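Colleague: Questions regarding the structure given below will be posed in turn.
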Amino acid sequence: MSTAIKVVRNTVIQSIGRALMMGMSLISMALITRYLGPLEYGLYSFVLVFIAFFHTVTDLGLKVIATREISQDRDSSGNLLSQTITLRLLLSFFSIFLACLIINCMNYPLTTKFLVYVSSIILIIEALKSTLDIIFEVSLRMEYVAVSNLLISLSFLILACLFVYKRGTLLDLIVVSLVSNLIGLLTAYFFSKKFVKIKFSIDYRLWKKMIKEAIPLGIAFLMISLYWRIDVIMLSLMKGDQAVGFYNVSYKFIEMGTLLSGMIMVSVFPVLSERFKLDPAQLKIIYQRSLKYLLMMGIFLALFFVILADKIILYVSGEEFKNSILSMQILGFIYPVYYIGALIGYMLIAIGKQWINTIFNTLAVLFNIVLNLILIPGYSFYGSSLATVITEVVQVTAALIVLSSFKYTPSFKSITRSLFAGALSLLVLILPAEVNSIIKVILALIIFLSTLFLMKELSKEDLSLLLNKPVIQER
Numbered sequence: 174m175s176t177a178i179k180v181v182r183n184t185v186i187q188s189i190g191r192a193l194m195m196g197m198s199l200i201s202m203a204l205i206t207r208y209l210g211p212l213e214y215g216l217y218s219f220v221l222v223f224i225a226f227f228h229t230v231t232d233l234g235l236k237v238i239a240t241r242e243i244s245q246d247r248d249s250s251g252n253l254l255s256q257t258i259t260l261r262l263l264l265s266f267f268s269i270f271l272a273c274l275i276i277n278c279m280n281y282p283l284t285t286k287f288l289v290y291v292s293s294i295i296l297i298i299e300a301l302k303s304t305l306d307i308i309f310e311v312s313l314r315m316e317y318v319a320v321s322n323l324l325i326s327l328s329f330l331i332l333a334c335l336f337v338y339k340r341g342t343l344l345d346l347i348v349v350s351l352v353s354n355l356i357g358l359l360t361a362y363f364f365s366k367k368f369v370k371i372k373f374s375i376d377y378r379l380w381k382k383m384i385k386e387a388i389p390l391g392i393a394f395l396m397i398s399l400y401w402r403i404d405v406i407m408l409s410l411m412k413g414d415q416a417v418g419f420y421n422v423s424y425k426f427i428e429m430g431t432l433l434s435g436m437i438m439v440s441v442f443p444v445l446s447e448r449f450k451l452d453p454a455q456l457k458i459i460y461q462r463s464l465k466y467l468l469m470m471g472i473f474l475a476l477f478f479v480i481l482a483d484k485i486i487l488y489v490s491g492e493e494f495k496n497s498i499l500s501m502q503i504l505g506f507i508y509p510v511y512y513i514g515a516l517i518g519y520m521l522i523a524i525g526k527q528w529i530n531t532i533f534n535t536l537a538v539l540f541n542i543v544l545n546l547i548l549i550p551g552y553s554f555y556g557s558s559l560a561t562v563i564t565e566v567v568q569v570t571a572a573l574i575v576l577s578s579f580k581y582t583p584s585f586k587s588i589t590r591s592l593f594a595g596a597l598s599l600l601v602l603i604l605p606a607e608v609n610s611i612i613k614v615i616l617a618l619i620i621f622l623s624t625l626f627l628m629k630e631l632s633k634e635d636l637s638l639l640l641n642k643p644v645i646q647e648r
């Protein structure tokens, strides 16, 4: 099986798994948001977001570095994975200490602090689980990742139903999250034994080498975490838990869509790293084609969420969260630039220029904080939504220019055509409100794809690749 087909196969597996997970997540979200309401859901969201900051400390970029090293040296995969697990386990304990220390120094109620203390346990579970996933990603056997993640979503859904039925507290909901993630970890460990033998061991020389390479990336990931989550902390401090609840409902839906780019890049990144070492010319081709498809997917998702925002929010979370509709429509426009940005970030890592990610992400955080300080006082969570989109556009545009300076220049004509087709599709918004929203989405998709075909941006070769069929070249 060729590498290209393996990547497509793994992307399809992940897509199916992610679709099932998203379905279960939507049901869980509907249960939880309708049960808790904006205020308590805002507090729950704050706790999860606060803990999410410390995931970066448990990683420090080690997962990406380990993935790259194992991709290039399969014979040492067992030792590399074992060393990474041991190191990340130690970092997890430090992260828990740090999270508890910082929340204790902040001016939050004791109840909020206690929820953070309990929730911090998930740092250990997720660090071990994500490290075990490396061996599946490198082997392009993503079905194992899909199964373990599906079990997390399924167990969370079942326990969430029990939580609502028993009229549980926020503490009970945190425990539900811990138990479901533990099930996923145990499943991943069981599968990993088919590939490598893992043992806890210490190799200080290897640790030093990995940490040295990972720290610039870890700082970049920390900046990314701050960039995507600092608005929730700022909203919590400036506008309270209810504003966080409204914002996070719309953000959660948007986040589900961004996960697709992550799934694709998990399959593509090992190939990018391998091609950079073995065939730089082919790397440029893979980069261009990946950018093309990711941009198209991003534009379609933007159309989907902008058109269906009201139906999604009201159907899933109810009238109490109707203020989240406009926030979702604003955030929906982030998809095209986010998908391009994900590819650019991994390209920089693959060619050994990860320090550039650190610089851009640091500047983006500062820019985003300033925008939030300006927009939140007057526009609350709508301001946060707008600040997120503006920052992403500025950051990705700058990163695209810098990557081009390393001779990885994309087809700007292709980008322009896709954006034009997407903008043209938004004409469906002028249709009367009586027209069914699903029909509007279908019409938008038809306009989008038809425009791409007319501009020859989609070809038979593209369709053959998507359908996993060989292309017969004309003589």
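Every position in the sequence shown, counted from 1, becomes a number in the working numbering once 173 is added.
All C-beta atoms, glycine included, are put in the ideal place defined by N, C-alpha and C.
Bear in mind that the values here come from a model prediction, so they are computed numbers and not experimental data.
#1: With a cut-off of 8 Å on the beta carbons, I'd call THR285 and LEU216 a contact; round off their distance for me.
#2: What residue range is occupied by the uninterrupted alpha helix (DSSP H) comprising GLY518?
#3: Thinking just about the alpha-carbon of each residue, which of ILE397, ILE588 and GLY418 is nearest to the one in PHE540?
#4: How long is the line joining the alpha carbons of ILE189 and ASN280, rounded to whole angstroms?
#5: Helix, strand or coil for ASP345? Go by DSSP, reduced to three states.
#6: Nearest-angstrom Cα distance between ILE307 and TYR290?
#7: My guess is that TYR460 and TYR581 are in contact by the Cβ rule of under 8 Å, so how many angstroms apart are they, rounded?
#8: Can you tell me where the alpha helix (DSSP H) holding ASN541 begins and where it ends?
#9: Determine the closest residue to SER463 out of SER303, ASN277, ILE615 and SER587, with distance taken between C-alpha atoms.
#10: Look at ILE297 and LEU271 and say whether their C-beta atoms are less than 8 Å apart.
#11: Buried or exposed, going by whether 16 or more other CB atoms sit within 10 Å of the CB of ASN154?
#12: Go through the segment 408–444 residue by residue and report every complete run of the beta strand (DSSP E) that reaches 3 residues or more, in order.
#13: Starting from the Cα of ILE542, find the closest Cα among GLY551, SER557 and ARG590 and give me that residue.
#14: Should ARG340 be labelled buried (16 or more other beta-carbon atoms within 10 Å of its own) or exposed?
#15: Does the contact criterion of 3 or more C-beta pairs under 8 Å hold for the segment 476–489 versus the segment 422–435?
#16: Under the rule that 16 or more other beta-carbon atoms within 10 Å means buried, what is PRO453, buried or exposed?
#17: Just to confirm the assignment, what range does the alpha helix (DSSP H) spanning PHE474 have?
#18: When the Cα of TYR508 is compared with those of LYS367, PHE226, SER591 and LEU399, which residue comes out closest?
#19: Are the CB atoms of VAL349 and PHE336 within a distance shorter than 8 Å?
#20: Going by other Cβ atoms of all chains shown within 10 Å of its Cβ, with 16 needed for buried, is LYS302 buried or exposed?
#21: Of the residues LEU254, VAL237, GLY505 and ALA617, which one's Cα is nearest the Cα of ALA387?
#22: I need the DSSP call for ASN277, collapsed to helix, strand or coil.
#23: Measure the alpha-carbon distance for ARG648 versus MET469 and round it to whole angstroms.
#24: Whose C-alpha, out of TRP401, GLU310 and LEU305, is nearest the C-alpha of PHE363?
#25: Suppose the cutoff is 6 Å on Cβ atoms and the five residues either side in sequence are ignored; what does the same chain contact list for ASP345 look like?
#26: Assign GLY357 to buried or exposed, taking buried as 16 or more other Cβ atoms, counted over all protein chains shown, within 10 Å of its Cβ.
#27: Here's a check: name, in chain order, each residue in its chain whose Cβ is nearer than 6 Å to the Cβ of SER497, leaving out the five neighbours to either side.
#28: Enumerate in chain order the residues of its own chain whose CB-to-CB distance from GLN568 is below 6 Å, with the five nearest sequence positions on each side excluded.
#29: For the segment 288–319, list the alpha helix (DSSP H) runs that are entirely contained and at least 4 residues long, ordered along the chain.
#30: Skipping 5 residues on each side, what residues in its chain have a beta carbon closer than 7 Å to that of LEU499?
#31: Could you tell me if ALA594 is buried or exposed, where buried requires 16 or more neighbouring beta carbons within 10 angstroms of its beta carbon?
#32: Can VAL614 and LEU476 be called in contact, C-beta distance under 8 Å?
#33: Using three-state DSSP, classify ASN496 as helix, strand or coil.
#34: What does the alpha-carbon distance come out to for the pair ILE371 and GLU213?
#35: Would you be able to state if there are at least three C-beta pairs under 8 Å between the segment 399–408 and the segment 439–450?
Modeller: Well, looking at it:
#1: Translated into the one-based positions of the sequence shown, residue 285 becomes position 112. Translated into the one-based positions of the sequence shown, residue 216 becomes position 43. That pair is a contact at about 7 Å.
#2: For the purposes of this step, residue 518 is taken as residue 345 along the sequence shown, with counting starting at 1. Where GLY518 is concerned, the enclosing alpha helix (DSSP H) stretches over 508–523.
#3: By 1-based counting over the sequence shown, the position of residue 540 is 367. It is ILE397 whose Cα lies nearest to the Cα of PHE540.
#4: Counting from one through the sequence shown, the residue named residue 189 turns up at place 16. Counting from one through the sequence shown, the residue named residue 280 turns up at place 107. Between ILE189 and ASN280, the C-alpha separation is close to 43 Å.
#5: Working through the sequence shown from its first residue, we reach residue 345 at position 172. If DSSP states are grouped into helix, strand and coil, ASP345 belongs with the helices.
#6: As a first step, residue 307 is located in the sequence shown; it is residue number 134 there, counting from the start. As a first step, residue 290 is located in the sequence shown; it is residue number 117 there, counting from the start. Each residue's alpha carbon lies about 28 Å from the other.
#7: Translated into the one-based positions of the sequence shown, residue 460 becomes position 287. Translated into the one-based positions of the sequence shown, residue 581 becomes position 408. The pair is a contact, with the Cβ atoms about 6 Å apart (cut-off 8 Å).
#8: As a position in the sequence shown, residue 541 is number 368, starting the count at 1. Where ASN541 is concerned, the enclosing alpha helix (DSSP H) stretches over 527–577.
#9: As a first step, residue 463 is located in the sequence shown; it is residue number 290 there, counting from the start. When only C-alpha atoms are compared, the closest one is SER587.
#10: Numbered from 1 along the sequence shown, position 124 holds the residue referred to as residue 297. Numbered from 1 along the sequence shown, position 98 holds the residue referred to as residue 271. Against a cut-off of 8 Å, the Cβ pair of LEU271 and ILE297 comes out as no contact.
#11: As shown, the chain starts at 174 and ends at 648. That puts residue 154 outside it, with no answer to give.
#12: none
#13: Looking up residue 542 in the sequence shown gives position 369. Minimum Cα distance to ILE542 is reached at SER557.
#14: Residue numbering aside, residue 340 sits at position 167 when the sequence shown is read from its first letter. Looking at its Cβ environment, which holds fewer than 16 other Cβ atoms inside 10 Å, ARG340 is exposed.
#15: yes
#16: As a first step, residue 453 must be located in the sequence shown, where it is residue number 280. PRO453 comes out exposed.
#17: To locate residue 474, count along the sequence shown from 1; it is residue 301. The residue asked about is misnamed: residue 474 is Leu in this sequence, not Phe. Per DSSP, LEU474 belongs to the alpha helix (DSSP H) from 453–489.
#18: Along the sequence shown, one-based indexing puts residue 508 at 335. It is SER591.
#19: Against the sequence shown, residue 336 aligns to sequence position 163. Against the sequence shown, residue 349 aligns to sequence position 176. Closer than 8 Å, so yes.
#20: Start at 1 with the first residue of the sequence shown, and residue 302 comes out as number 129. By the neighbour-count rule (16 or more Cβ atoms within 10 Å), LYS302 is buried.
#21: Looking up residue 387 in the sequence shown gives position 214. The shortest C-alpha separation from ALA387 is found at VAL237.
#22: Stepping through the sequence shown from its first residue, residue 277 is reached at position 104. Three-state result, ASN277: helix.
#23: Mapped onto the sequence shown, residue 648 falls at position 475. Mapped onto the sequence shown, residue 469 falls at position 296. Residue confidence is low: ARG648 scores 27 on pLDDT, short of 50, so the model does not pin down where it sits. No coordinate-derived value is stated.
#24: Reading the sequence shown from its first residue, position 190 is the one you call residue 363. Closest option to PHE363, Cα to Cα, is LEU305.
#25: Here residue 345 is taken as the residue at index 172 of the sequence shown, counted from 1. Excluding sequence neighbours, ASP345 sits near PHE336.
#26: Walking along the sequence shown from the start, residue 357 turns up at place 184. The residue in question, GLY357, is buried, as its Cβ has 16 or more Cβ neighbours within 10 Å.
#27: Reading the sequence shown from its first residue, position 324 is the one you call residue 497. If we look at SER497 and ignore the five residues flanking it on each side, its Cβ neighbours are PHE419, VAL422, SER423 and ILE486.
#28: What you label residue 568 is simply residue 395 of the sequence shown in a count that begins at 1. Once the five neighbours on either side are set aside, the close Cβ partners of GLN568 are PHE533 and ALA537.
#29: 295–311
#30: Indexing the sequence shown from 1 puts residue 499 at position 326. Contacts found: TYR555.
#31: For this step, residue 594 is matched to residue 421 along the sequence shown. ALA594 should be labelled buried.
#32: As a working mapping, residue 614 is identified with position 441 in the sequence shown. As a working mapping, residue 476 is identified with position 303 in the sequence shown. A contact, by the Cβ cut-off of 8 Å.
#33: For this step, residue 496 is matched to residue 323 along the sequence shown. ASN496 falls in the coil class under three-state DSSP.
#34: Counting from one through the sequence shown, the residue named residue 371 turns up at place 198. Counting from one through the sequence shown, the residue named residue 213 turns up at place 40. So the two alpha carbons sit approximately 41 Å from each other.
#35: no
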